[in-house]
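Trainee: Can you read through this structure? Questions will come right after.
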Amino acid sequence: MAKINVVLQKQKYNFFGKKIKRKEFKISTKKRVWMKAGGNDPFKWRTDFAKTSVCMSPKCHKKLFWDKKNYKFKYKDKYPSNNSEINCLLICNDCCKKRSVIAGKK
Ligand SMILES: [Zn+2]
304 MAKINVVLQK QKYNFFGKKI KRKEFKISTK KRVWMKAGGN DPFKWRTDFA KTSVCMSPKC
364 HKKLFWDKKN YKFKYKDKYP SNNSEINCLL ICNDCCKKRS VIAGKK
């Protein structure tokens with residue numbers, strides 16, 4: 304019976320029948336993406352962290368403030384097990400609500 308369950312719930316399990324874990328973005332990943340989005344050198348996130356950044360949605364470019372938390376870090380693709388920088392998207396709260404706008408643009 305256990306095996307049938309695995310087949311039915313395919314997306315939650317990997318090839319070996321192991322449950323795919325959702326991985327949160329590391330703070331270092333978030334800060335590097337934040338720096339890059341704001342046009343800053345992502346490698347300076349430790350020493351020269353910028354308090355402001357910009358929404359990564361091509362039609363938005365709203366100013367974001369690190370302390371205000373008017374932004375969200377989202378997964379670009381549908382696999383939350385991929386928590387790499389490439390899969391991390393920085394968008395404002397407004398764009399988060401209308402996520403489909405971004406999904407159409409790759
Ligand atoms: Zn936005």
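If you want the working numbering, it's the position in the sequence shown, counting the first as 1, plus 303. Just so it is clear, CB atoms sit at the ideal spot from N, CA and C, and this is done for glycine as well. The structure displayed is predicted, hence computed values, not measured ones.
Starting from the Cα of C395, find the closest Cα among F346, I389, T350, A340 and give me that residue.
Mentor: Taking each of F346, I389, T350, A340 in turn and checking the Cα distance to C395, the smallest one comes out for A340.
Trainee: What residue range is occupied by the uninterrupted alpha helix (DSSP H) comprising K334?
Mentor: Counting along the chain, the alpha helix (DSSP H) containing K334 begins and ends at 330-340.
Trainee: Does DSSP classify C391 as helix, strand or coil?
Mentor: strand
Trainee: Looking at M338 and K347, is the spacing between their C-beta atoms short of 9 Å?
Mentor: In this structure, K347 lies near M338, with their beta-carbon atoms less than 9 Å apart.
Trainee: In chain order, what residues of the same chain have a beta carbon less than 6 Å from the beta carbon of K260, not counting five sequence neighbours either side?
Mentor: Outside the displayed range of the chain (304 to 409) lies residue 260, so it cannot be described from this structure.
Trainee: What did DSSP end up calling K354 once you bin it into helix, strand or coil?
Mentor: Coil at K354, not helix or strand.
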